[in-house]
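For the sequence shown, the working numbering gives the first residue as 4, with consecutive numbering after it. Worksheet for the structure shown next.
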Amino acid sequence: MNEREIEYFISSWKLIPGTGGVFDVWVNGELVFSKQAVGRHAEPGEVRAGIMKVLETVRPADFQLAAK
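This is the structure we're talking about:
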């Protein structure tokens, strides 16, 4: 799944300022990364990988992005 296809499978997303170093990433109501839970900042590509893992569960196997 490429970046253009992602938008079809995310029902909502928000950037919510936090305090105390909070950095949580939620996709469609599922927590995909929590700095507090793992005790460190995200590694490069780690958040994207979590997002893609969630989206793969909702993407139909035969999904094809229509060419414009």
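Using N, Cα and C, we set each Cβ at its ideal position, and we do this for glycine too.
Val28 is positioned such that its CB atom lies no closer than 8 angstroms to that of Gly48. In the assembly as shown, Phe26 is an exposed residue. Its beta-carbon has fewer than 16 other beta-carbons within 10 Å.
Annotated three-state conformation of Val25 is coil, per DSSP. DSSP places Glu33 in the strand class (E or B) of the three-state scheme.
CA-to-CA, the gap between Thr22 and Gln39 works out to about 12 angstroms.
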